[in-house]
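Residue 228 in our numbering sits at position 228 of the sequence shown, and the numbers go up by one each step.
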Amino acid sequence: MRLTRLLPARLRRRLRAAANARAATAPLPASRELLHVIATRHGIGVFDEQWFAYRQLLLEHVTLASLDAQTHRDFVWLIAIDREMPPVARQRLEALAAERPWIHLAETELKRDFVPDLVAWTREEARARGKGWALTTRLDDDDALHRGLVGRLHEAAAAYLGEGRAAPAILAPTLGCNWVPSEAAGHRAYHHSPSIGLSLLEPADRAATVYRRNHSTLAQTLVPGGVSVRHLDGETPSWLYAHTGLSDQQRDGSERMSKVADHQHAVTFDADALAEFGITPEGLRLLRRTPEPEPHETLHLLNRRGLDVEQEIHDLREAMSRGGDGDAALRGKIAKLHAERRRMHEHLIRLAASDPGHQPENRASMATRAVASPQSPAACIRISAIG
């Protein structure tokens with residue numbers, strides 16, 4: 001039995017009328033050229049240089065390496081950073097971006113500002129470039145994309161638009177690998193809506209971006225409204241999902257890393273396998289020989305407490321916007337909360353003084369030396385404060 005027969009005739013007429021109205025008010029954009037934005041959050045709300053030393057080792061030799069290796073380069077990599085990012089970490093990041101005009105550094109105030117800031121920037125950038133569609137892609141700052149994935153995403157987007165579609169579409173590369181970078185070990189994995197590489201194609205002037213919902217529930221949320229879903233299948237893994245102790249998903253007693261490295265189907269990834277994701281032999285050696293820093297406590301709990309402070313800041317910002325920005329008392333409260341937020345996330349990493357093999361300066365300096373030395377930022381770096 002067709003679903004429409006279960007609906008009253010009056011309701012069916014209303015649904016048809018609503019669909020026709022949407023079609024009339026939402027024509028296809030004039031241009032089918034698309035702006036592709038790969039968006040990454042990098043240490044928003046983190047103020048520990050030791051955390052950044054190791055995280056930027058992953059960022060450079062895993063994430064950036066995978067984008068450098070892409071066979072199709074028509075994209076912008078937007079890296080969202082805290083406006084109060086520690087200076088040394090900021091310099092390292094600017095040095096990496098100096099010779100890559102496709103990197104855009106975007107300052108933000110709070111984690112919760114990332115999505116609205118990304119939405120505003122994507123719409124404005126698409127308008128400025130005359131692009132009718134926006135394709136946004138998720139990528140964390142320790143994960144990697146297969147070197148051919150951007151090309152596959154563009155092919156899938158072109159095929160979808162070639163069908164004359166007006167509704168948005170989710171593009172989901174379903175096959176990838178879980179791995180532990182420090183051991184170069186992991187296994188193949190499947191996810192219907194992965195956190196890495198998941199993309200959303202939308203009319204640019206109404207783009208809400210792939211980050212509008214949690215990756216696991218994006219399709220369930222949007223499909224009832226007419227959004228299409230296209231799975232990018234095949235036998236080639238599209239992504240590498242890193243499991244590290246610095247993840248804010250890591251809880252006390254969690255065995256996420258050992259479950260991956262010791263999985264019954266786990267293998268050691270050799271240089272040829274990792275080259276498919278742009279990871280070089282030298283990058284692999286650095287990852288293998290650099291000790292992973294140990295946080296004082298699970299970063300999951302710190303992250304939750306930090307979000308509570310952010311909520312207080314947000315509420316005070318809302319109060320200021322309603323009463324005018326001239327309220328000195330509210331500004332003072334916000335400044336104090338920002339100071340508390342910084343204090344909470346300024347000394348995340350434990351200094352292993354009791355371990356003679358990993359003295360504090362050894363553990364920190366190994367990661368620091370592995371990251372490219374800061375250089376004077378070139379003029380091609382674009383840094384904005386959005387939102």
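All C-beta atoms in this analysis are idealised placements derived from N, C-alpha and C, irrespective of residue type, glycine included.
CB of residue i within 8 Å of CB of residue j, strictly
i    : j    : result
G186 : A266 : yes
I349 : I334 : no
A172 : L232 : yes
H146 : I279 : no
A83  : E109 : Here the sequence assigns Arg to residue 83, which means Ala is not the residue at that position. Yes, these two residues count as a Cβ contact at 8 Å.
K45  : K131 : A quick correction: the sequence has Gly, not Lys, at residue 45. Cβ distance not < 8 Å, so G45 and K131 don't count as in contact.
G245 : P295 : yes
A144 : L287 : no
A80  : D48  : no
V180 : V260 : yes
Other residues of its chain near residue i: CB distance less than 6 Å, five sequence neighbours each side excluded
i    : result
R22  : A caution first: R22 carries a pLDDT of 42, below 50, which makes its placement in the model unreliable, though a value can still be read off. Answer for R22: no residue qualifies.
L78  : V37, A39, H104 and A106
A207 : T122, R123 and A134
G151 : T71 and H72
V76  : V37, W102 and H104
L28  : Residue confidence for L28 is low, a pLDDT of 45 falling below 50, so the modelled location carries little weight and cannot support an answer.
E33  : K131
Distance between residue j and residue i (C-alpha atoms, nearest Å)
i    : j    : result
T127 : L59  : Correcting the residue type first, residue 127 is Arg in the shown sequence and not Thr. When rounded, the distance between both Cα atoms is 30 Å.
H263 : P291 : 22 Å
A26  : A204 : The predicted model places A26 with a pLDDT of 44, which falls under 50 and marks its position as unreliable; any figure quoted below should be read in that light. If you take the alpha carbons of A26 and A204, they lie about 12 Å apart.
P168 : R212 : 13 Å
R363 : D270 : Residue placement at R363 cannot be trusted, given a pLDDT of 42 that sits under 50; the coordinates are not used to answer.
G225 : E318 : 30 Å
V227 : A219 : 8 Å
L337 : T221 : 34 Å
S199 : R256 : 25 Å
R289 : Y54  : 12 Å
P293 : E202 : 40 Å
S193 : Y160 : 18 Å
A157 : R322 : 42 Å
V88  : G164 : 49 Å
D272 : A189 : 19 Å
S195 : R230 : 16 Å
Q56  : H42  : 9 Å
P86  : S258 : 32 Å
W51  : L284 : 19 Å
E125 : G197 : 21 Å
D327 : L316 : 10 Å
E155 : H345 : 42 Å
L149 : R129 : 23 Å
T174 : S238 : 8 Å
S182 : L351 : 19 Å
T217 : A242 : 21 Å
G332 : L274 : 50 Å
Residues of its chain near residue i, where Cβ-Cβ distance is below 7 Å and the 5 sequence neighbours each way are ignored
i    : result
T268 : A184 and A185
A276 : According to the sequence shown, residue 276 is Glu rather than Ala. If we look at E276 and ignore the five residues flanking it on each side, its Cβ neighbours are H146 and R147.
V119 : A207, A208 and T209
Own chain partners of residue i with C-beta closer than 8 Å, once the 5 adjacent residues on each side are dropped
i    : result
R341 : G45, G306, V309, E310 and I313
T63  : T40, L139, D140, D141, D142, D143 and A144
A339 : none
L330 : L316, A319, M320 and G323
L35  : V76, T122, E125, A126, R129, K131, W133, A134, L135 and A204
For the 8 Å Cβ check, are there 3 or more pairs between the region 120-138 and the region 66-73? no
Quick one: complete beta strand (DSSP E) runs, 3+ long, within the region 46-87? 76-82
Complete beta strand (DSSP E) runs within the region 173-254 (minimum length 3 residues, chain order): 175-180, 185-190, 199-203, 228-232 and 239-242
Every unbroken alpha helix (DSSP H) within the region 105-139, with a cutoff of 4 residues, ordered by chain: 114-129
Secondary structure, alpha helix (DSSP H): runs of 4+ residues fully inside the region 257-344: 271-275, 281-289, 299-323 and 328-344
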